[in-house]
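Visitor: Pasting in a structure now, in structure tokens, and then I'll have a few things to ask.
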Amino acid sequence: MQRLAHESPLGELAAQLFGAAKVNFLFDQIFIKQPGANTRTAFHQDWGYFHVDGEQVASFWTAAEPVGKDNGAMGYVRGSHRWDLHAPNVFVGQAVRDDNGLPTLPDIEGNEDDYDIVYFDVEPGDVIVHNYRLAHGSRGNTSLDRPRRAISLRFAGDDATALHRPSAPAEFPVDPELRDGDPLDSTTYPVVWPRT
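Set out below in structure tokens:
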């Protein structure tokens, strides 16, 4: 995992997409949907879960096997990166732990025809990149023989700074040495591009 985050071309790709002079690695997550796991991942925005702020923050999502609508394809609401911040939900439903004074995301799952949603079929090694403000979610795995294993690596460009967000779950990484507004460069958020 460390080699993928620190030594793969993803840091350089992030720099190109951001137009950034440097890129920090934030953290990784692994997502597994076993065959028959029909629960979908509710539409959500990532930024309320992260202890960072800035325009240049994105998730790089890739799967280990082919993924389509029947086994958990990722869906994205076009243009939603321009929406305001909404309360983070519990991922497996629209309920929020604590709204922290933020509005709840609309019921996108129940009204998909009202939104401009694009779903992506992927092959192993394909990488989908989305801004952390973009509303996204995934279908359940309705197949009976195809797992969906995926990893999401989170990167930030040079405009990103530390920001303690009360809405971020405790399990998401925070660097106690960084104050709000500090550059991210730290052992928690190492610089992965340019490589030293």
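In case it helps, the numbering used here puts the sequence shown at residues 43 to 238. Glycine included, each C-beta is placed from N, C-alpha and C at the ideal position.
Between the Cα of Gln87 and those of Thr229, Val234, Val132, spot the shortest distance and give me the residue it belongs to.
Guide: Answer by Cα proximity: Val132.
Visitor: From Gly117 to Ala84, what distance separates their C-alpha atoms?
Guide: Each residue's Cα considered, the two are about 10 angstroms apart.
Visitor: Keeping to the same chain, check which residues put their C-beta closer than 6 angstroms to that of Asp201; ignore five residues upstream and five downstream.
Guide: The answer, listed in chain order, is Gly96, Glu97, Gln98.
Visitor: For a test of the three-state rule: what should DSSP assign to His48, helix, strand or coil?
Guide: DSSP places His48 in helix when its eight states are reduced to three.
Visitor: Quick test of the definition: if touching needs 3 or more C-beta pairs under 8 angstroms, does the segment 194-209 touch the segment 177-185?
Guide: Segments in contact, no.
Visitor: Looking at C-beta atoms only, is the number of pairs between the segment 184-199 and the segment 144-159 that lie closer than 8 angstroms three or more?
Guide: In short, these stretches do not touch, since the Cβ pair count stays below three.
Visitor: Taking the continuous beta strand (DSSP E) assigned at Phe133, which residues delimit it?
Guide: It is not in any beta strand (DSSP E) - Phe133 carries neither H nor E in the DSSP assignment.
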